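Residue numbers (my numbering), protein chains in the order written: chain A, -5 to 163; chain B, 93 to 476; chain C, 2 to 102; chain D, 5 to 438. Glycine residues also receive a C-beta, built at the ideal position from the N, C-alpha and C atoms. Computed from a predicted model, the values in this text were never measured in an experiment. Encoded as C-alpha cells, the structure appears first; notes follow it.
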Amino acid sequence: MEPVATTFFFYLLSGLAILSGVLVITRKNPVHSALALILTLLCLAGLYLMLYAPFVAGVQIILYVGGIMVLFLFVIMLVNLERSQKEKQFNQQWVPGILAAVALGALFVTIYIKGGALFVRPEIRFPEAENTQQVGQMLYSNYMFPFEIASLLLLVAIIGAVVMAKKKI
Amino acid sequence: MTDSTSSVSHLDLDESKKTFLDANELILNMGPQHPATHGVLRVILRLDGEKVLGLECVIGYLHRGVEKIAEHRTYTMFNPYVDRMDYVAAVSNGLGYCEAVEKLLNIEAPPRANYIRVILTELNRVASHQLWLGTHALDIGAMTPLFYTFRDREEILKIFEKYCGARLTTHAFRIGGCQYETYEGFEKDVKKFISFVAPKIDEYEELLTTNRIWVERTKNVGTISAKDCIAYGVTGPVLRASGVKWDIRKAQPYAAYSKFDFEVPTGQNGDTYDRYLVRMAEMRQSLRIIQQAVDGIPEGPIMAKVSKVMKPPVGEIYHSIEAPKGELGYFIVSDGSTQPYRVRVRPPSFVNLQALDLMCRGQLVADVIAVIGTLDIVLGEVDR
Amino acid sequence: MAPITTIHYLVVAAALFVLGVIGVLTRRNVVIVLMSVELILNAVNLNLVAFSRIWGLHGQVFAIFVITDAAAEAAVGLGILIAFFRNKETVNVDEIDLLKW
Amino acid sequence: MPDFITNYLDKNVHVTPGEYGSPFWALVYILVVFGGVSMAVVCMNWLERKILAHMQIRLGPMRVGPHGLLQPIADAIKLILKEDIIPEGADRFVFWIAPMIILLAVFSVYTVVPFGPTHAITDMNIGILFMLGVSSLGVLGIVMAGWASNSHYPLIGALRSSAQMVSYEVAMGLAVISAVLMTSLNAEGTGTLSMIGIVHAQYAQHVWFIFKFFPLGLIAFFIFAVAMVAETNRAPFDLPEAESELTAGFHTEYSGLRWSLFMLGEYAAMIAVSSIAITLWLGGWMRPFPNLLSGPTWDLAFSFFPALTFFGLAGMTFYSTMRMPRHSFFRVQTIGLGAFGAVFALIGLILLLPGVNGRIQDIYWFIFKIAVFMYLYIWYRGTFPRYRFDQLMKVGWKILLPMGIGVLMLTGIVALRTELWDFMHEALRRLVHV
Chain A
-5 MEPVATTFFF YLLSGLAILS GVLVITRKNP VHSALALILT LLCLAGLYLM LYAPFVAGVQ
55 IILYVGGIMV LFLFVIMLVN LERSQKEKQF NQQWVPGILA AVALGALFVT IYIKGGALFV
115 RPEIRFPEAE NTQQVGQMLY SNYMFPFEIA SLLLLVAIIG AVVMAKKKI
Chain B
93 MTDSTSSVSH LDLDESKKTF LDANELILNM GPQHPATHGV LRVILRLDGE KVLGLECVIG
153 YLHRGVEKIA EHRTYTMFNP YVDRMDYVAA VSNGLGYCEA VEKLLNIEAP PRANYIRVIL
213 TELNRVASHQ LWLGTHALDI GAMTPLFYTF RDREEILKIF EKYCGARLTT HAFRIGGCQY
273 ETYEGFEKDV KKFISFVAPK IDEYEELLTT NRIWVERTKN VGTISAKDCI AYGVTGPVLR
333 ASGVKWDIRK AQPYAAYSKF DFEVPTGQNG DTYDRYLVRM AEMRQSLRII QQAVDGIPEG
393 PIMAKVSKVM KPPVGEIYHS IEAPKGELGY FIVSDGSTQP YRVRVRPPSF VNLQALDLMC
453 RGQLVADVIA VIGTLDIVLG EVDR
Chain C
2 MAPITTIHYL VVAAALFVLG VIGVLTRRNV VIVLMSVELI LNAVNLNLVA FSRIWGLHGQ
62 VFAIFVITDA AAEAAVGLGI LIAFFRNKET VNVDEIDLLK W
Chain D
5 MPDFITNYLD KNVHVTPGEY GSPFWALVYI LVVFGGVSMA VVCMNWLERK ILAHMQIRLG
65 PMRVGPHGLL QPIADAIKLI LKEDIIPEGA DRFVFWIAPM IILLAVFSVY TVVPFGPTHA
125 ITDMNIGILF MLGVSSLGVL GIVMAGWASN SHYPLIGALR SSAQMVSYEV AMGLAVISAV
185 LMTSLNAEGT GTLSMIGIVH AQYAQHVWFI FKFFPLGLIA FFIFAVAMVA ETNRAPFDLP
245 EAESELTAGF HTEYSGLRWS LFMLGEYAAM IAVSSIAITL WLGGWMRPFP NLLSGPTWDL
305 AFSFFPALTF FGLAGMTFYS TMRMPRHSFF RVQTIGLGAF GAVFALIGLI LLLPGVNGRI
365 QDIYWFIFKI AVFMYLYIWY RGTFPRYRFD QLMKVGWKIL LPMGIGVLML TGIVALRTEL
425 WDFMHEALRR LVHV
C-alpha cells in the first residue's frame, strides 16, 4: 500500500519533532520538558513508520514512551524541587556550548551539501509485511552476539540502578 | 518490625534503615472527610513512601458534651442521650446506663425484664457486628458484603421497631426494667430471625474467610499482643483476638447472662484476621444466647418498683457491661439530688482507638484503613 | 513539493542532534541533561533507520540496539541521580563537581 | 458515486480500508468504531451499575427512565454541567492535558482491533506490539494527572499506578509472546504480530490458542487475564483509585467533564485489553467451532445467533414492560420500555435479512466475547477485596512473571519438540559412536 500524503506528513512530523525538541531544552519545569520529549519520540515513531520500519516504530513507542519516559517522570516526581525552577537554568558555559553546537550543525550542513550524491541511492523496498520477521531473523543470525551482549548490558544496568538508588542493600 | 516502627523522623533513622523514598517524608492528612475513617476521625499519618512511621488521631469533631449534659438532666431524662453515643449499638448503651443507675438506687430489674434486655442487647450485638463487617469489608475493597449485612441487619431493626417504635436510637430500656411488654409474636419473630440469619453468617464467611485476598489483607496486619492490649486498656473482640479470655458477660455477669450457656471465642495472633474470626464467632454465640433466652423467657412483671422522682443516695458507682465494641462503663456520682453530679463514660471505641498508633507503625497506608476498620470504632462514642 | 528523500530525514536528525547537544552543554538540571542525551540518541536512530532504506535492514537492527542502550543508560543515570539527590538535595550539574562526598 | 467510495466496495477487496489505502472508508471506520466504543462505554456504565446492584441484592438506578435506562444520559448531563475545578497550585497545562493523553492512548488502540477479517480500521504488521505500546501510554496520563493535581492523594495514586502498570506490562508481554509464538507453527515457520494474522493462524491450526498445548495456552491466557485487570486499574487491583484509601487516587482533584474523560478512558481501556485477549486466545471474530462444525447447515444455525440475542433482549424487555406497575404515573415509562423492546425486536428482524446477516456474523461474535469479558470485570468487582500494594507487586513480579517465563519456554520447547528430539537423538548417536 502506498502511504498517503507522504510529503505533508513528513513536514508535519519533523516540524513537530524539532519544535518539541526545542521545548525540551528550554522549559524550566522538567515535567514540561518530559512532555515535549514524549511528543518528539512519538513524532519520530511516525517517521519510522514512513521509512518502512514499523517494528522499530513499535519498539520506540513501547520502550521509549511507555518505559523510559515513565521512568523519567517517576524520577522527576521524586526529585522535583520547587526551588530548582527558580534557579538559573543555564550554566556559565552556555555561550561556548551553543557555539560548539552551531559549529557542529554547520559541519552537518556542509557534509550534506558537499556529499549530497553520497546519500542518493536507489531505495531498497522491503515488503513491509515481512519487516518484523526479517528484523527478527537478522537479530538471531547476524547479530546474535551483539544481542546477547545487549541482554548482558541490561542485566548490568538493572543491578547498577538498584545499587545506585538503594544505598544499603 | 520493632526498629523500623520507631517514631523518629527519617533523618534520624539509621542509614541502613533508610529506604528508596527517604528523600522526603510525607505528612498525609486522612480525614475528617475521608470515606474510610468511619465518620469524622482525622488521622495524621507520617509516611515514608507508603510505610507508616507514626500517626496521630485528632478527635472531637463529633463532640456534643454528653457527659456535661447529664449534669443538667434527671436520671430518667438522661437515658435517651446515651443512645446517641454508640448509635449502632444503642441498646447496649441504654442497658449499661440503666443497670448503673439501678445499682446506684439499689434496685433490681425483674427477671422477665432481664430476659428481654438480654434478647435485645444480643440482637443489637449481632446488628453491630454486621455493620462492622460490612464497612470493614468495604474498606478492604469487598463491596458486596456491605449489602448482605445491611439486608440482614434490617431484620433486627424491624424487630426493634416493632418493639419500641425506634430503629436506631431505640431507648428500649428504662431504669428499673423495660417500658414496654413484648409485642404479640415477638418470640416468633426472634426465632424466625435466628433461623434466618444463621445461614447468612455462613454466607458472609463463604465470601471472606477463605478468600485469598482477604486473608492476605488481614493476616499479620495490625497485630497487637495481649500484653499491649492490657497495657492500653483495650477490650472487647480486639482483646479476645489477642488471646485473653475476658468477657464481662462471663467475668462479672449482669442482667441474666449467668443463666445462659455460651462460649467466649478467642484468637491467638491478635491480628486483623483473628479479630474478624472472633467477631464472626461472637455473632454465632449471640444467636445461641438469644435462642436460650427466647426459649426460657419467664412470665412476670417487667418493671421494678421505682419512684417517679429518682433520688439516689449520695455515693458513686461504676458499672460496666460488654458492649459489642468492648467494655462500656458508666461511672456515676450522685449528690443525692435528682440529677447526677457527674457522669463519666468509659467508651470502648475511645480506649481501643489509642492502640491505633501502635498497631499501624511500620505497616502500609492500606493497613491503616484495615486497622481502623477492625478496631470497630464509632465516632459518636469516641467523641461523645 | 519535492519527494522526500533520505537527505530530508538526515537534516531532521541533524537538527535534533544539535538540539540535544545544546541541551547537554547548557542546561543545569541533570534530568533535562539526561533527556537531551535521549534526544541525541534518537537523532542517531533516525539516521540509522533512514539509511536502512537505502542500505538494507542493518540500520533498523542497530536502532533497536540503540534503544536498548538508551533504556540501560536512563536506568543507571536516573539511579545515580537519585543517589546524588539524596545526599546533596540538588539536581544541578555544575554542583556535581566534587567527584566524592 | 465517486470512485474513492466505490472502489473499496468491490467484491474482490478482502483487506481493511487502512491496508487498501482508502482514506474515506478508513475515516468511516474510525468514526463508527470510536462512536461505537463511546456508546459501549455508556451502556457499560448502566450495565455495571445494574449487574453489580443485582449481585448485591439491590435494584440499582430505577428513577431515570424505565429501569434507569436513561441514567447514563442523566449522568452525562450532570457531569457536563458541573463546575470544572482546577485546584490552586495545580499545573494547569499538565492538568488539562492528562485526561486527553489517556483518551488518546486508549482510542488509538482501536485502530488495529479486528472486529472481523476486514472490519478493522487497519491491519498493521506490528499490530499487537502497537496495541501494547499505545495502551501503555495511558500510564503517562495517570502520572501527569497525579503530579499536576498538586495534592498528596493523587500523587500517591499516580506513583502506585505507574509502578503497577509498568510491572504488569512485563508479565502481559510474556503472555502475549507465548501466544505469538504459537502463530509460527505453520509450514513456513514464520509467525505474525498482525492482529488479523493471529486470528487467521488460529483458524489455520483448527484451535483457539487458549486450548493449544493444553494447559500452556490456558496458563498464558490466565496470566494475561490477571495482568489486564491490573492494567486497567479495576478491582481487585484498583489501588490507584482505591476509594477507601486514597479517596479517588489520581483523579481525586478532577471534577465534571474532565473526570468523566477519565472514566471514559478506563472503560474504553477495559474493552481494548479484552479485545487483545480475545484476538490472541479466543479466536477473535470466529464463531465457536468454525472447523469442527463447518458446512452450510452449521453456518445457517450459527447465523441465527445475532437475531436470537436481540429477540432475547426484546423478550426480556417486553416481560419487564408487562410487569411495570399499572398506574398512570408509569404510563410514559411503560410505553418507553415497550418501544425499547420493539427497537430490539426490529434490530433482530433486520439481522435476519440475508444480506445483513452474513456481514454481521464476525462483528457479532467479537462483541459477544467482549461482553463476556465485561461481565467478568463486573463480577470481579462484586466479589474480590482489594490487594495491598506490596502484595500486588508480589503477585506481579514473583508469581505472574516467573509463570510467564516458564510458559514461554515450555511453549517454545513443545513447539519445537520434533526438532529438539532429532537434535538430542543426533547428539546422543554421535556421542555413542565416538
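Nearest candidate by alpha-carbon position, reference residue i, set the options
{"i": "E163 (chain B)", "options": "B:V144, B:L139, B:P432, B:E273", "result": "B:P432"}
{"i": "D127 (chain D)", "options": "D:Y33, D:S153, D:S188, D:E87", "result": "D:Y33"}
{"i": "D353 (chain B)", "options": "B:G152, B:Y346, B:K342, B:N303", "result": "B:K342"}
{"i": "L420 (chain B)", "options": "B:V158, B:G465, B:N171, B:N185", "result": "B:N185"}
{"i": "V50 (chain A)", "options": "C:I55, C:W56, C:N43", "result": "C:N43"}
{"i": "I146 (chain D)", "options": "D:I106, D:F111, D:A183, D:S182", "result": "D:I106"}
{"i": "T194 (chain D)", "options": "D:L73, D:N129, D:F334, D:F370", "result": "D:N129"}
{"i": "I62 (chain A)", "options": "A:E142, A:Y137, A:L35, A:A95", "result": "A:L35"}
{"i": "A44 (chain D)", "options": "D:I374, D:R67, D:S153", "result": "D:I374"}
{"i": "T315 (chain B)", "options": "B:L450, B:R376, B:E355, B:R476", "result": "B:L450"}
{"i": "R392 (chain D)", "options": "B:K143, B:N206, B:Y422, B:D244", "result": "B:K143"}
{"i": "L11 (chain C)", "options": "C:I55, C:N30, C:S37", "result": "C:I55"}
{"i": "E92 (chain D)", "options": "D:A57, D:S155, D:K86", "result": "D:S155"}
{"i": "L467 (chain B)", "options": "B:L331, B:Y346, B:T241", "result": "B:L331"}
{"i": "I409 (chain B)", "options": "B:A192, B:H126, B:M177, B:D475", "result": "B:A192"}
{"i": "I81 (chain C)", "options": "C:S37, C:I5, C:V94", "result": "C:V94"}
{"i": "M132 (chain A)", "options": "C:H9, C:I65, C:I23", "result": "C:I65"}
Between the CA atoms of residue j and residue i - distance to the nearest angstrom
{"i": "D114 (chain B)", "j": "R87 (chain C)", "result": "Low per-residue confidence applies at D114 (chain B): pLDDT is 49, beneath 50, and the placement is therefore not dependable, though the value from the model is reported in the following sentence. Looking at the two C-alpha atoms, the distance is approximately 8 Å."}
{"i": "I382 (chain B)", "j": "R53 (chain D)", "result": "38 Å"}
{"i": "L47 (chain C)", "j": "L26 (chain C)", "result": "22 Å"}
{"i": "K397 (chain B)", "j": "G253 (chain D)", "result": "60 Å"}
{"i": "L118 (chain B)", "j": "P158 (chain D)", "result": "13 Å"}
{"i": "V435 (chain B)", "j": "A447 (chain B)", "result": "25 Å"}
{"i": "L13 (chain D)", "j": "A159 (chain A)", "result": "59 Å"}
{"i": "S26 (chain D)", "j": "F8 (chain D)", "result": "7 Å"}
{"i": "L148 (chain A)", "j": "G78 (chain C)", "result": "13 Å"}
{"i": "F66 (chain A)", "j": "C321 (chain B)", "result": "46 Å"}
{"i": "G454 (chain B)", "j": "T325 (chain D)", "result": "57 Å"}
{"i": "E107 (chain B)", "j": "L145 (chain B)", "result": "With a pLDDT of 49 at E107 (chain B), under the threshold of 50, the modelled position of this residue cannot be trusted; read the value that follows with caution. Their backbone Cα atoms lie some 16 Å apart in a straight line."}
{"i": "V282 (chain B)", "j": "H130 (chain B)", "result": "30 Å"}
{"i": "Q125 (chain B)", "j": "V457 (chain B)", "result": "17 Å"}
In DSSP terms, what residue i is bridged to
{"i": "D95 (chain D)", "result": "Note: D95 (chain D) sits in no beta bridge, so no partner."}
{"i": "N361 (chain D)", "result": "DSSP output for N361 (chain D) lists no bridge partner at all."}
{"i": "F265 (chain B)", "result": "B:C270"}
{"i": "R134 (chain B)", "result": "B:V150"}
{"i": "F84 (chain A)", "result": "C:R28"}
{"i": "Y422 (chain B)", "result": "B:H411, B:V437"}
(request) Name, going along the chain, the residues of the segment 387 to 401 of chain D whose beta-carbon falls closer than 8 Å to a beta-carbon of chain B. (result) Within the segment 387 to 401 of chain D, the residues whose Cβ lies closer than 8 Å to some Cβ of chain B are T387, F388, P389, R390, Y391, R392, F393, D394, Q395, listed in chain order.
(request) Determine which residues of the segment 446 to 459 of chain B have a Cβ less than 8 Å from any Cβ of chain D, and write them out in chain order. (result) Taken in chain order, the members of the segment 446 to 459 of chain B whose beta-carbon sits within less than 8 Å of a beta-carbon on chain D are L456, V457, A458, D459.
(request) Pair every Cβ in the segment 114 to 125 of chain D with every Cβ in the segment 20 to 30 of chain D, then say whether three or more of these pairs are closer than 8 Å. (result) Yes: at least three Cβ pairs fall under 8 Å.
(request) Select from the segment 139 to 159 of chain D all residues with a C-beta closer than 9 Å to any C-beta belonging to chain B, and list them in chain order. (result) If the cut-off is 9 Å between Cβ atoms, the segment 139 to 159 of chain D has H156, Y157, L159 near chain B.
(request) Taking a Cβ distance cut-off of 8 Å, strictly less, list which residues of the segment 49 to 70 of chain D are near chain B, in chain order. (result) Correct list: L56, M59, Q60, I61, R62.
(message) Short of 9 Å Cβ to Cβ, which residues in the segment 7 to 20 of chain A face chain D?
(response) In summary, no residue of the segment 7 to 20 of chain A has a CB separated from any CB of chain D by less than 9 Å.
(message) Give me the subset of the segment 121 to 150 of chain B whose CB atoms are less than 7 Å from a CB atom of chain D, sorted by chain position.
(response) Contacts with chain D (Cβ-Cβ distance below 7 Å) from the segment 121 to 150 of chain B involve H126, P127, A128, E142, listed in chain order.
(message) Counting only Cβ-Cβ distances shorter than 9 Å, please list the residues of the segment 45 to 59 of chain A near chain D, keeping chain order.
(response) For the segment 45 to 59 of chain A, residues whose beta-carbon sits nearer than 9 Å to a beta-carbon of chain D comprise P48, F49, A51, G52, V53, Q54, I55, I56, L57, V59.
(message) With a threshold of 8 Å, are at least 3 pairs of Cβ atoms found where one atom belongs to the segment 223 to 237 of chain D and the other to the segment 270 to 288 of chain D?
(response) Touching, per the Cβ criterion.
(message) Against chain D, which members of the segment 302 to 317 of chain B pass a CB distance test of less than 8 Å?
(response) Hits within the stretch, in order: N303, I305, W306, E308, R309.
(message) Can you confirm whether the segment 30 to 43 of chain C touches the segment 11 to 29 of chain A when touching is taken to mean that 3 or more C-beta pairs between the two stretches lie within less than 8 Å?
(response) Taking a cut-off of 8 Å on C-beta distances, the segment 11 to 29 of chain A touches the segment 30 to 43 of chain C, as three or more cross pairs fall below it.
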